[in-house]
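Just so you know, we're using our numbering here: the sequence shown kicks off at 10 and counts up by one.
We put the CB at the ideal spot given by N, CA and C, even for glycine.
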Amino acid sequence: MGKSTYAAARDAFQISLGTYNATNFSAIGSDEEEALSNAHFAIADALLQAPADSLADVLEKFAMLEERYISYSEAVPDVDWAAIKRDIVSLAERQSPTASRSQQVDASVVAAWQRFSDSAWETRGDRPSTEQSRADENLLSIGISDDPTAVAKKLRYALYLNATSPWLEAAALGAVVPDMAERLLMDDTINEAIWSAIVSLEAMEARS
Numbered sequence: 010m011g012k013s014t015y016a017a018a019r020d021a022f023q024i025s026l027g028t029y030n031a032t033n034f035s036a037i038g039s040d041e042e043e044a045l046s047n048a049h050f051a052i053a054d055a056l057l058q059a060p061a062d063s064l065a066d067v068l069e070k071f072a073m074l075e076e077r078y079i080s081y082s083e084a085v086p087d088v089d090w091a092a093i094k095r096d097i098v099s100l101a102e103r104q105s106p107t108a109s110r111s112q113q114v115d116a117s118v119v120a121a122w123q124r125f126s127d128s129a130w131e132t133r134g135d136r137p138s139t140e141q142s143r144a145d146e147n148l149l150s151i152g153i154s155d156d157p158t159a160v161a162k163k164l165r166y167a168l169y170l171n172a173t174s175p176w177l178e179a180a181a182l183g184a185v186v187p188d189m190a191e192r193l194l195m196d197d198t199i200n201e202a203i204w205s206a207i208v209s210l211e212a213m214e215a216r217s
């Protein structure tokens with residue numbers, strides 16, 4: 010059986026990344042440097058937009074975005090976010106918690122989000138730090154789940170932390186914000202991507 014589109018794109022990216030990292034840019038001209046960079050980043054974009062085979066692939070995409078566009082170039086790319094939304098929809102439709110341990114973790118994530126959001130609504134600012142709140146935020150940050158409901162809560166937590174405006178914080182906590190789509194177009198593209206993932210997962214939850 011041949012490689013999937015994602016696996017092939019990932020292999021191409023790893024080869025390109027090795028070449029890119031090994032290049033001595035001080036020894037080549039600006040035109041050659043630009044051509045090499047453009048070719049490498051085109052391969053990276055192809056990986057970002059390739060259909061993911063697993064949840065790990067989706068997480069890899071977000072890690073690439075953080076490293077390349079936030080840490081490296083301090084910018085957000087013109088990436089096909091619909092492709093990432095499609096990945097999450099497809100994966101969530103195929104995956105459901107089957108083991109009792111997985112179900113317990115998912116229930117813990119949902120409960121952690123409920124406590125966090127209740128506290129955030131009440132304090133509207135710095136939340137008191139308790140052993141429970143620290144455990145909840147740790148679970149929301151690094152807990153692993155294959156349940157769409159729990160993943161949606163984790164994304165709401167991420168959106169809340171990344172929000173720079175009261176309306177987006179409110180939306181993350183569950184409020185209905187008028188003209189949400191239009192507001193997001195003027196906001197951080199990362200927030201737009203996170204919100205599209207939340208809407209996708211919660212739509213599937215409503216249909217189940």
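Burial state of THR158 (16 or more Cβ within 10 Å): buried
Supposed close pair PHE125, GLU140 - CB separation, criterion 8 Å: Their Cβ separation, rounded to whole angstroms, is 14 Å, which puts PHE125 and GLU140 out of contact at 8 Å.
Where ILE24 falls, given that 16 or more other Cβ within 10 Å makes a residue buried: exposed
Cβ neighbour criterion (16 or more within 10 Å) applied to ILE151: exposed
Cut-off 8 Å between Cβ atoms - residues of its own chain near SER117, not counting five sequence neighbours on either side: LEU148 and GLY152
Buried versus exposed call for LEU68 [16 or more other C-beta atoms within 10 Å across all chains shown]: exposed
Rounded C-alpha distance that separates ASP155 from TYR169: About 21 Å.
Exposed unless 16 or more other CB atoms sit within 10 angstroms - verdict on ASP66: It counts as buried.
Alpha helix (DSSP H) runs contained entirely in the segment 112-190, provided each spans 4 or more residues: 140-151, 157-171 and 175-182
Selected residue, minimal CA-CA separation from LYS162, among SER63, ASN30 and TRP204: TRP204
ASN222 classed as buried or exposed, judged by whether at least 16 other C-beta atoms fall within 10 angstroms: Nothing can be reported for residue 222: it is not among the residues displayed for the chain, which extend from 10 to 217.
Proximity of ALA206 and LEU164 at Cβ, strictly below 8 Å: yes
Start-to-end residues for the alpha helix (DSSP H) that takes in GLY27: Segment 14-31, the alpha helix (DSSP H) holding GLY27.
Residue nearest to ALA129 in terms of C-alpha spacing, selected from VAL119, ALA144, ALA181 and THR173: ALA181
Buried or exposed (CB count within 10 angstroms, at least 16 for buried), GLU178: buried
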